[in-house]
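Everything in the sequence shown is counted per full-length UniProt numbering, starting at 1 for the first residue and increasing by one. Here is the structure we will look at.
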Amino acid sequence: MIAVALSRIQEDFSLSFTDASWLISTYYLASGIGQPVMGKLADAFGAKRMYVIGLLMIVVSSVAAPFSPSFGWLIGIRVIQAIGSSALFPSGMAMIRASITENQAQALGVLSIFSSVSAAFGPSIGGFLVHFGDWPAIFIINFPIIIAAFVLAIKVLPQQGPKAERKKANIDYPGIVLFSLMIVFWLLFLLDLEKGFSFIKLLSSIVFTILFYIVEKKRNEPFVDVIALKKNTNMSLVYVQFILVNIVFYSIFFGIPLYLQDFRHFDSNTTGLVMLAVAGFGVIVSPITGRWIDRSGSKPPLLAGALSIIIGSLLLVTIQNDSSVPWLFFCLSVLGLSNGFNNLGLQTALYSFVPPAETGAASGLFMTSRYIGTILSSSLLGILFGQLVTTEHLHSMAWTSVIIGGLVLLLTARMPGGKVRRKLQGER
């Protein structure tokens with residue numbers, strides 16, 4: 001919903017898009033760091049407890065956001081919201097694995113459907129909320145929903161065993177700090193490219209990246225297992241592909257609403273309905289992708305996903321100042337298909353390249369890769385769009401997506417084919 005509201009927030013606080021993009025960047029930066037950290041805390045203090053704490057943080061931030069006296073306050077409140085949200089996924093997965101011993105995949109599949117549907121209808125709902133209640137409405141709507149979730153969590157969610165039975169979490173504080181600094185400095189460097197090249201920020205980013213690698217290489221329980229990433233190139237390339245496809249997806253997801261509202265002067269309702277094509281067609285194709293993967297492995301759907309990025313981005317180049325809403329919807333629907341192919345395809349490919357004992361750590365880094373891609377997308381939009389969003393700027397974004405789609409296609413082409421999961425299991 002924040003994508004549809006971003007234009008009004010930008011106007012209300014008198015911001016450029018580059019400044020407003022920090023609202024997106026800081027949220028996903030905090031989430032990318034917070035997911036594995038909150039997972040460790042769930043192991044140490046109990047999954048249900050951390051889940052409830054996360055819900056409380058979301059409630060507090062949702063109530064406070066509409067009263068933000070400045071944009072800086074709003075960013076800080078969004079960071080609190082991001083940290084609270086980061087507790088939900090790892091805590092939820094821990095409770096499912098502990099409580100559901102049969103048909104876990106079906107349970108996770110149901111959660112995936114709800115997640116996809118919320119992403120599909122979020123922009124549309126956000127459009128109506130912004131139309132009738134301005135941007136604060138997207139935060140206010142969270143309050144009754146989260147309160148209901150809080151009550152259900154207290155009454156329904158299972159308690160974990162006694163504290164003595166819980167695995168003590170060995171949190172890698174140096175790794176977390178260096179990881180945070182590395183991401184922050186890279187983000188500062190990328191966001192400032194519009195204003196000029198900063199050698200100091202680039203050098204700082206490289207230094208913290210090297211320090212992070214050196215420290216994590218020596219840790220027994222690292223925040224990120226850099227040794228495994230170096231040895232398992234297939235796993236590493238899945239992460240790279242997931243970063244790339246999320247750069248494209250979120251560039252479209254955040255960039256198109258700004259173009260439609262700022263340049264085409266669409267109202268928030270129409271913008272939300274047009275954006276339904278992006279996530280909606282991803283939801284439609286997901287069950288088809290699942291059956292396709294069962295028959296043929298992850299590679300064919302991933303090839304289809306890469307081609308969908310390229311074709312959909314080329315269709316965006318055909319958009320003109322007076323292009324009709326149905327044509328916009330069609331172009332975005334092709335890009336929406338790529339999301340359905342890539343998300344499920346890359347996730348199943350990842351699990352085929354890692355041992356079962358490392359699934360949790362691999363999944364956490366997979367989510368962090370998504371957030372990195374999202375952060376890079378907002379940086380890219382800040383560079384391409386700046387103060388003004390025109391059809392020419394939209395075409396620049398589309399051509400960039402074509403290039404990224406080509407890289408994804410090349411990486412997918414070198415991926416092992418067939419039912420890799422079965423092959424690897426047979427080798428163990």
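Ideal Cβ positions, reconstructed from N, Cα and C, are used throughout, including at glycine. Please read these numbers as outputs of a predicted model, since none were measured by experiment.
Just mark residue i as buried or exposed, buried being the case when its beta carbon has 16 or more other beta carbons within 10 Å.
{"i": "N342", "result": "buried"}
{"i": "Y371", "result": "buried"}
{"i": "E392", "result": "exposed"}
{"i": "residue 452", "result": "It is not possible to answer for residue 452, since the shown part of the chain is limited to 1 through 428."}
{"i": "G22", "result": "At residue 22 the sequence reads Trp, which differs from the Gly that was named. Its Cβ being crowded by 16 or more others within 10 Å, W22 is buried."}
{"i": "R414", "result": "exposed"}
{"i": "V151", "result": "exposed"}
{"i": "L190", "result": "buried"}
{"i": "G175", "result": "buried"}
{"i": "P287", "result": "exposed"}
{"i": "V285", "result": "buried"}
{"i": "W73", "result": "exposed"}
{"i": "T233", "result": "exposed"}
{"i": "W327", "result": "exposed"}
{"i": "P162", "result": "Below a pLDDT of 50, predicted positions are generally treated as unreliable, and P162, at 44, falls in that range; the measurement from the model is reported next regardless. So P162 counts as exposed."}
{"i": "V207", "result": "exposed"}
{"i": "T318", "result": "exposed"}
{"i": "T18", "result": "buried"}
{"i": "P222", "result": "buried"}
{"i": "F385", "result": "buried"}
{"i": "S14", "result": "exposed"}
{"i": "I375", "result": "buried"}
When you compare only the Cα positions, how much space is there between residue i and residue j?
{"i": "G340", "j": "A20", "result": "28 Å"}
{"i": "F254", "j": "G406", "result": "21 Å"}
{"i": "G280", "j": "A82", "result": "24 Å"}
{"i": "S324", "j": "T348", "result": "37 Å"}
{"i": "I256", "j": "I125", "result": "16 Å"}
{"i": "T26", "j": "G32", "result": "10 Å"}
{"i": "V278", "j": "I247", "result": "14 Å"}
{"i": "M182", "j": "L203", "result": "11 Å"}
{"i": "G84", "j": "F71", "result": "20 Å"}
{"i": "F197", "j": "P158", "result": "52 Å"}
{"i": "L55", "j": "A149", "result": "8 Å"}
{"i": "V224", "j": "F132", "result": "44 Å"}
{"i": "I310", "j": "V402", "result": "5 Å"}
{"i": "S333", "j": "K218", "result": "46 Å"}
{"i": "G336", "j": "V226", "result": "33 Å"}
{"i": "A304", "j": "T289", "result": "10 Å"}
{"i": "R49", "j": "L88", "result": "10 Å"}
{"i": "G373", "j": "L394", "result": "19 Å"}
{"i": "F266", "j": "A306", "result": "30 Å"}
{"i": "R295", "j": "A362", "result": "24 Å"}
{"i": "Y51", "j": "A153", "result": "8 Å"}
{"i": "R422", "j": "L350", "result": "For R422, the predicted model reports a pLDDT of 40, less than 50, meaning its position is unreliable; a value from the coordinates is still stated below. The straight-line gap from Cα to Cα measures roughly 13 Å."}
{"i": "I77", "j": "V354", "result": "37 Å"}
{"i": "L276", "j": "S379", "result": "24 Å"}
{"i": "S308", "j": "S352", "result": "24 Å"}
{"i": "L388", "j": "P66", "result": "26 Å"}
Relative to the C-alpha of residue i, which candidate in the options has its C-alpha closest?
{"i": "V59", "options": "P144, F132, L315", "result": "P144"}
{"i": "S118", "options": "F263, V283, K217, F128", "result": "V283"}
{"i": "V215", "options": "D172, N232, S205", "result": "D172"}
{"i": "A3", "options": "V52, L388, L381", "result": "L381"}
{"i": "residue 472", "options": "I140, L384, V334", "result": "In the structure as shown, the chain begins at 1 and stops at 428. Residue 472 is therefore absent and cannot be evaluated."}
{"i": "A94", "options": "I147, Q35, W73", "result": "Q35"}
{"i": "residue 429", "options": "V245, L365, N142", "result": "A query on residue 429 cannot be resolved here, the shown segment of the chain reaching from 1 to 428 and no further."}
{"i": "L244", "options": "T368, S205, I319, V354", "result": "T368"}
{"i": "L410", "options": "Y351, Q241, D262", "result": "Q241"}
{"i": "I210", "options": "I53, L178, I75", "result": "L178"}
{"i": "V408", "options": "F366, V238, N269", "result": "V238"}
Just to confirm my understanding: we take residue i, look at its own chain, exclude 5 residues before and 5 after, and list those with CB closer than 7 Å. What are they?
{"i": "R8", "result": "V130, D134, W135"}
{"i": "W292", "result": "P300, P301"}
{"i": "A47", "result": "S91, A94, M95, Q160"}
{"i": "S99", "result": "P158"}
{"i": "K201", "result": "F185, L188, F189, D192"}
{"i": "T271", "result": "V4, G127, P257, L260, Q261"}
Might you give, ordered along the chain, the residues of its own chain that have their beta carbon closer than 6 Å to the beta carbon of residue i, omitting 5 neighbours on each side?
{"i": "N321", "result": "T391"}
{"i": "S236", "result": "L229"}
{"i": "V79", "result": "T26, A30"}
{"i": "S377", "result": "I247, Y250, S251"}
{"i": "M1", "result": "G122, G126, I138"}
{"i": "S86", "result": "S31, G34, Q35, M38"}
{"i": "L316", "result": "C331, A398"}
{"i": "residue 429", "result": "Absent from the model: residue 429. The displayed extent of the chain is 1 to 428, so no value can be given."}
Sorted by chain position, which residues of the same chain lie with C-beta nearer than 8 Å to residue i's C-beta, five sequence neighbours on each side aside?
{"i": "A164", "result": "The pLDDT assigned to A164 is 39, lower than 50, so where the model puts this residue is not dependable; a value taken from the coordinates is nonetheless given after this. Taken in chain order, the list of residues that qualify is empty."}
Hey, is residue i's beta-carbon within less than 8 Å of any beta-carbon in chain D?
{"i": "V207", "result": "Reference to chain D is not applicable here, since this structure consists of a single protein chain."}
Got a sec: does the ligand GTP put a non-hydrogen atom nearer than 7 Å to the Cβ of residue i?
{"i": "T18", "result": "Absence of the ligand GTP is noted for the structure shown, with no ligands found whatsoever."}
Start-end ranges of the alpha helix (DSSP H) lying completely within the stretch 212 to 284, minimum 4 residues:
226 to 231, 233 to 258, all fully within the stretch 212 to 284.
Going residue by residue through the stretch 297 to 346, where are the continuous alpha helix (DSSP H) segments of at least 4 residues, counting only ones entirely within it?
For the stretch 297 to 346, whole alpha helix (DSSP H) runs of length 4 or above, ordered along the chain, are 299 to 317.
Mind listing, in chain order, the continuous alpha helix (DSSP H) runs of no fewer than 4 residues lying wholly within the stretch 20 to 105?
Every alpha helix (DSSP H) stretch that sits fully inside the stretch 20 to 105 and reaches 4 residues is listed by chain position as 22 to 45, 47 to 64, 71 to 99.
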